[in-house]
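Here my numbering is used: the first residue of the sequence shown is 149, the next is one more, and so on.
Below you'll find the structure, written out as structure tokens, and then a few comments.
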Amino acid sequence: MNPAFKGIKSPQSPIPVVIPACERPITVLLVDDQATVNEAIHCMLETEANLTYHYCSSAEKALQIATKVAPTVILQDLILPNSDGMTLVKEFRANPLTCDVPIIMLSTNDNPQTKAEAFAIGVNDYLVKLPNQIELVARIRYHSQAYLNRQAHTTALVAQAHAKELEQTLQELRQTQAQLIQTEKLSSLGQMLAGIAHEINNPVNFIFGNLTYIDAYVHDLMKLLQLYQEKYPEPDAAIQTYLEEIDYDFVMEDLLKMLRSTRMGSERIIQIVLSLRNFSRQDHQEMKLSNIHDGIDSTLLILNHRLKLGINVIKDYGNIPLIDCHPAQLNQVFMNIINNAIDALLEHPNRPKKEITICTSTLDENHIQIQIKDNGSGIPLAVQTKLFEPFFTTKPVGKGTGLGLSICQQIIANHQGTLQVISKPEEGAEFIIRLAVQTAVA
Ligand SMILES: Nc1ncnc2c1ncn2[C@@H]1O[C@H](COP(=O)(O)OP(=O)(O)O)[C@@H](O)[C@H]1O
Ligand SMILES: [Mg+2]
Numbered sequence: 149m150n151p152a153f154k155g156i157k158s159p160q161s162p163i164p165v166v167i168p169a170c171e172r173p174i175t176v177l178l179v180d181d182q183a184t185v186n187e188a189i190h191c192m193l194e195t196e197a198n199l200t201y202h203y204c205s206s207a208e209k210a211l212q213i214a215t216k217v218a219p220t221v222i223l224q225d226l227i228l229p230n231s232d233g234m235t236l237v238k239e240f241r242a243n244p245l246t247c248d249v250p251i252i253m254l255s256t257n258d259n260p261q262t263k264a265e266a267f268a269i270g271v272n273d274y275l276v277k278l279p280n281q282i283e284l285v286a287r288i289r290y291h292s293q294a295y296l297n298r299q300a301h302t303t304a305l306v307a308q309a310h311a312k313e314l315e316q317t318l319q320e321l322r323q324t325q326a327q328l329i330q331t332e333k334l335s336s337l338g339q340m341l342a343g344i345a346h347e348i349n350n351p352v353n354f355i356f357g358n359l360t361y362i363d364a365y366v367h368d369l370m371k372l373l374q375l376y377q378e379k380y381p382e383p384d385a386a387i388q389t390y391l392e393e394i395d396y397d398f399v400m401e402d403l404l405k406m407l408r409s410t411r412m413g414s415e416r417i418i419q420i421v422l423s424l425r426n427f428s429r430q431d432h433q434e435m436k437l438s439n440i441h442d443g444i445d446s447t448l449l450i451l452n453h454r455l456k457l458g459i460n461v462i463k464d465y466g467n468i469p470l471i472d473c474h475p476a477q478l479n480q481v482f483m484n485i486i487n488n489a490i491d492a493l494l495e496h497p498n499r500p501k502k503e504i505t506i507c508t509s510t511l512d513e514n515h516i517q518i519q520i521k522d523n524g525s526g527i528p529l530a531v532q533t534k535l536f537e538p539f540f541t542t543k544p545v546g547k548g549t550g551l552g553l554s555i556c557q558q559i560i561a562n563h564q565g566t567l568q569v570i571s572k573p574e575e576g577a578e579f580i581i582r583l584a585v586q587t588a589v590a
């Protein structure tokens, strides 16, 4: 992992501390205007472990007290002064803090019709006053535990949703950071290459320019010497000795050869400078019509020192139009993909016939395709699913950053294109880039 990310840890779902349902504290709230009922119920519950008891004598204060003490179960009288119990039940149900708290209706009324009405408006249970102690305790515990379990479940769901959200945010953060690193890298690499290209360009231009004159002057001087030899075929002894000393015939022959190879060398430098400039074009802002083949060729030239290690590049260029793109960014894509192919091919130095095939073609009048294929060891299926994740690498520390393909994907997506991989283990890997000829991208 990149050191920049050392501080960021993957979010982990919070591990809930599981308390057995029977041990979770129970809070009972009795709402009843009769003090005798309060005394009786209190008496029934006071020896119960893990149970807190609260009492409220009026319907007016019931909701306020309930939101304060957070009961796990409400025992409620059906007939209350100044309010009917059914209305209070509806109020409990309408309040977000009490809407799910189980309500056990307590009433002297044993009429099934009344019970049915109570259940219909959301009462959870119904007991005739005064209930049996064992039964009351059992029902209080049963409803409280069911309520606590539901709450724990909801809390866990909320925590899970938060963790997922956090994970997504982290992923986006990594993506943004990778993008920033990439932008930074691209611009500093681009600036450096452009600087080097510029510095080399001037001296190489005057070497190349002078070479034309040197060539002409050398030919003139050789012609002059030839004329001398023709006019004075018998030079004096000093000249003759000197001619032998410098090995005149060899010098004449070698001079021409050296001039030719110097010219070839400087032509090559000019080509490299051109490629560096082409590769690093400082054009991050604007899209421009560019020749994809030039971009690939420049990239190959820059990677030549690696390709020379026994890799054969087969170019199968089709007749594709100029593409509306950020050429320096696309060159970065070619660079990353070809570099990966080289890595895969050089991984096993004894692999015979190492090849990278680059094929370009038109798909339809507005789309082109670039296929970059190697005959390396291929990509296992398990790796293929993670290939484009930032920081995913199978390479040793210091060798792989795991950013190459995620950057490629971002750049291609930015161009509204697609990047696809096809690979069978031991049959190499193929990366397919599809781009629109004209893109409506800024
Ligand atoms: N042509 C390829 N052949 C085999 N494996 C590849 C190839 N291209 C990419 N990969 C796999 O994808 C991984 C991620 O690639 P990349 O994002 O460029 O990061 P890096 O090259 O730094 O590891 C590599 O570590 C490698 O396992
Ligand atoms: Mg790479």
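Ideal Cβ placement from N, Cα and C applies to all residues, glycine included.
Values in this document were obtained by computation on a predicted structure and should not be read as measured data.
Query	Result
Going by the CB atoms, is the gap between residue 470 and residue 439 shorter than 8 angstroms?	yes
For a test of the three-state rule: what should DSSP assign to residue 255, helix, strand or coil?	strand
Along the alpha helix (DSSP H) that carries residue 273, what are the first and last residues, could you check?	Not the alpha helix (DSSP H): residue 273 falls in the beta strand (DSSP E), residues 273-276.
How long is the line joining the alpha carbons of residue 364 and residue 338, rounded to whole angstroms?	38 angstroms
Between the C-alpha atoms of residue 573 and residue 304, what's the straight-line distance to the nearest angstrom?	42 angstroms
Note down, in chain order, each residue of its chain lying with its Cβ closer than 7 angstroms to the Cβ of residue 417, except the 5 sequence neighbours on either side.	348, 352
Beta-carbon distances below 5 angstroms to any heavy atom of ligand 2 define the shell here; list its residues in chain order, please.	488, 552
Run the CB neighbour count on residue 549, radius 10 Å, all protein chains shown included, and call it buried at 16 or more, exposed below.	buried
If you measure between the beta carbons of residue 236 and residue 210, is that distance less than 8 angstroms?	yes
Please give me, in chain order, every unbroken run of the alpha helix (DSSP H) with length at least 4 that falls completely inside the region 165-239.	183-193, 207-217
Assess, as a yes-or-no matter, whether the region 242-259 is touched by the region 219-229 under the definition of 3 or more beta carbon pairs within less than 8 angstroms.	yes
Output the distance between the C-alpha atoms of residue 388 and residue 401, rounded to the nearest integer angstrom.	18 angstroms
Among residues of its own chain, excluding the 5 on either side of residue 482, which ones have a beta-carbon nearer than 7 angstroms to its beta-carbon?	443, 444, 447
Are the CB atoms of residue 206 and residue 232 nearer to each other than 8 angstroms?	no
Assign residue 398 to one of two classes, buried (16 or more other C-beta atoms within 10 Å of its C-beta) or exposed (fewer than that).	exposed
Rounded to the nearest angstrom, what separates residue 369 and residue 419 at their Cα positions?	31 angstroms
Run the CB neighbour count on residue 162, radius 10 Å, all protein chains shown included, and call it buried at 16 or more, exposed below.	With a pLDDT of 48 at residue 162, under the threshold of 50, the modelled position of this residue cannot be trusted, and the question is left open.
Rounded to a whole number of angstroms, what is the C-alpha to C-alpha distance between residue 395 and residue 404?	15 angstroms
Suppose the cutoff is 7 angstroms on Cβ atoms and the five residues either side in sequence are ignored; what does the same chain contact list for residue 323 look like?	538
For residue 563, name the three-state secondary structure that DSSP assigns.	coil
So, for residue 289: in the same chain, excluding its five sequence neighbours on each side, which residues have a beta-carbon less than 7 angstroms away from its beta-carbon?	174
Quick check: residue 425 and residue 517, are their CB atoms within less than 8 angstroms of each other?	no
Whole angstroms is fine: what's the gap from residue 204's alpha carbon to residue 321's?	52 angstroms
Strictly by DSSP, which residues pair up with residue 580?	519, 568
For the beta strand (DSSP E) containing residue 461, list its first residue and its last residue.	459-464
With distances taken from CA atoms, which of 329, 187, 217, 522 is nearest residue 552?	329
Please report how far the alpha carbon of residue 361 lies from the alpha carbon of residue 415, in whole angstroms.	15 angstroms
At a threshold of 7 angstroms, does residue 554 count as lining ligand 1 (C-beta to nearest heavy atom)?	yes
Helix, strand or coil for residue 437 per DSSP?	strand
Excluding the 5 residues flanking residue 464 on each side, which residues of the same chain have their C-beta closer than 6 angstroms to its C-beta?	507
Identify whether residue 502 lies in helix, strand or coil by the three-state DSSP scheme.	strand
Once DSSP output is grouped into helix, strand and coil, what is the label at residue 471?	strand
Indicate, with yes or no, if ligand 1 has a heavy atom lying under 7 angstroms from the CB of residue 533.	no
Is any heavy atom in ligand 3 found nearer than 7 angstroms to the beta carbon of residue 462?	Questions concerning ligand 3 fall outside what the structure shown contains, since the ligands it does hold are ligand 1 and ligand 2.
Write down every uninterrupted run of the alpha helix (DSSP H) in the region 357-423 whose length is 4 residues or greater and which is fully enclosed by it, in chain order.	385-393
Considering Cα atoms alone, identify which of 270, 274, 244, 249 is closest to residue 238.	270
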